[in-house]
Amino acid sequence: MADRMRKKYWIDFRSQGPFILKICSVWAGGTLLLCGLLYFLADEELGRSFYSVHLRIRNTWRILLPAVLLSGGISFLLTIAATLFLSLRQSHRLGGPIYKFTTLFSNLEAGSFSSDFRFRDGDLLHGLGESYRSALQANRERIRNVQELSLKAQSSVRDLEAKLILYPLSPEEKLLLVDAAGLVGRLREASSSLDTATT
Numbered sequence: 494m495a496d497r498m499r500k501k502y503w504i505d506f507r508s509q510g511p512f513i514l515k516i517c518s519v520w521a522g523g524t525l526l527l528c529g530l531l532y533f534l535a536d537e538e539l540g541r542s543f544y545s546v547h548l549r550i551r552n553t554w555r556i557l558l559p560a561v562l563l564s565g566g567i568s569f570l571l572t573i574a575a576t577l578f579l580s581l582r583q584s585h586r587l588g589g590p591i592y593k594f595t596t597l598f599s600n601l602e603a604g605s606f607s608s609d610f611r612f613r614d615g616d617l618l619h620g621l622g623e624s625y626r627s628a629l630q631a632n633r634e635r636i637r638n639v640q641e642l643s644l645k646a647q648s649s650v651r652d653l654e655a656k657l658i659l660y661p662l663s664p665e666e667k668l669l670l671v672d673a674a675g676l677v678g679r680l681r682e683a684s685s686s687l688d689t690a691t692t
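Residue numbers (this note's numbering): 494 to 692.
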């Protein structure tokens with residue numbers, strides 16, 4: 494039994510790296526915000542509690558609890574909001590190309606080899622789009638060659654039919670000639686169904 498392949502999550506540094514760095518920077522900023530708020534609010538609370546003229550003795554936990562809850566809540570909400578915004582923005586930058594590729598593959602399935610498409614500024618997967626464009630261009634050239642050759646083959650078979658009709662042929666030879674003409678005609682139809690024009 495073949496060993497199971499380990500899943501590899503780190504695939505492309507150029508596309509995954511910036512996203513992970515942005516998420517980490519948001520979390521680092523949230524942690525710094527928490528520390529700053531906690532320091533400021535705890536200092537205020539301690540100063541108010543210990544240096545007030547109307548001091549009422551409280552334990553340290555009762556003094557710091559409001560500061561911890563307030564600073565933790567603010568930094569948590571801001572960090573989550575920034576993470577959600579960043580995730581939505583990045584997924585939008587990825588969702589556009591995915592939709593575009595879905596449309597392009599549908600066009601390819603329908604026989605269109607047009608390579609005239611663009612991505613929006615800031616979209617991800619530009620490299621994949623250019624690879625797809627290069628593949629389409631290479632196959633467009635191949636299909637044009639097949640279309641030209643099938644047109645020439647069809648013309649040659651018609652000329653051959655016109656010349657051989659004057660000669661007495663056996664039924665087997667006539668059948669071979671008709672079969673060849675039919676095959677070349679079907680090849681011509683099949684190659685003509687592929688659209689290589691750039692729209």
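Glycine included, every Cβ here is placed at the ideal spot set by N, Cα and C. Bear in mind that the values here come from a model prediction, so they are computed numbers and not experimental data.
For the alpha helix (DSSP H) holding residue i, just list the boundary residues, first then last.
{"i": "SER685", "result": "664-685"}
{"i": "ARG635", "result": "619-657"}
Where does residue i land, buried or exposed, given buried means 16+ other C-beta within 10 angstroms?
{"i": "THR689", "result": "buried"}
{"i": "GLY588", "result": "exposed"}
{"i": "LEU527", "result": "buried"}
{"i": "ARG679", "result": "exposed"}
{"i": "PHE606", "result": "buried"}
{"i": "ARG681", "result": "buried"}
{"i": "ALA574", "result": "exposed"}
{"i": "GLY622", "result": "buried"}
{"i": "VAL546", "result": "Since pLDDT at VAL546 reaches only 42, below the 50 mark, its modelled position is unreliable, and the value read off the structure follows with that caveat. Exposed, since its Cβ has fewer than 16 Cβ neighbours within 10 Å."}
{"i": "LEU617", "result": "buried"}
{"i": "ILE550", "result": "No answer about ILE550 holds up, because its pLDDT of 47 lies below 50 and its placement is not dependable."}
{"i": "LEU581", "result": "exposed"}
{"i": "GLY510", "result": "exposed"}
{"i": "ALA683", "result": "exposed"}
{"i": "SER568", "result": "buried"}
{"i": "VAL519", "result": "buried"}
{"i": "LEU668", "result": "exposed"}
Comparing alpha-carbon positions, which option in the options lies nearest residue i?
{"i": "GLY523", "options": "LEU558, PHE533, THR576", "result": "THR576"}
{"i": "HIS619", "options": "ILE516, ASN600, PRO590", "result": "PRO590"}
{"i": "VAL677", "options": "PHE533, LYS645, LEU687", "result": "LYS645"}
{"i": "GLN630", "options": "LEU601, LEU662, GLN583, LEU579", "result": "LEU601"}
{"i": "HIS585", "options": "GLY604, ARG613, ASP609", "result": "ARG613"}
{"i": "ASN632", "options": "ALA521, GLY615, SER648, GLY604", "result": "GLY604"}
Less than 8 Å between the CB atoms is what I'm expecting for residue i and residue j, so what's the real figure, rounded?
{"i": "ALA674", "j": "VAL639", "result": "No, ALA674 and VAL639 are not in contact; Cβ-Cβ is about 18 Å, not under 8 Å."}
{"i": "LEU579", "j": "LYS515", "result": "6 Å"}
{"i": "LEU525", "j": "ALA560", "result": "Actually they are not in contact, since the Cβ atoms of LEU525 and ALA560 sit about 16 Å apart, beyond 8 Å."}
- Task: Please determine if the region 595-602 and the region 557-570 are in contact, where contact requires at least 3 C-beta pairs separated by less than 8 Å.
- Result: no
- Message: Three or more C-beta pairs under 8 Å: does that hold for the region 652-665 against the region 621-638?
- Response: no
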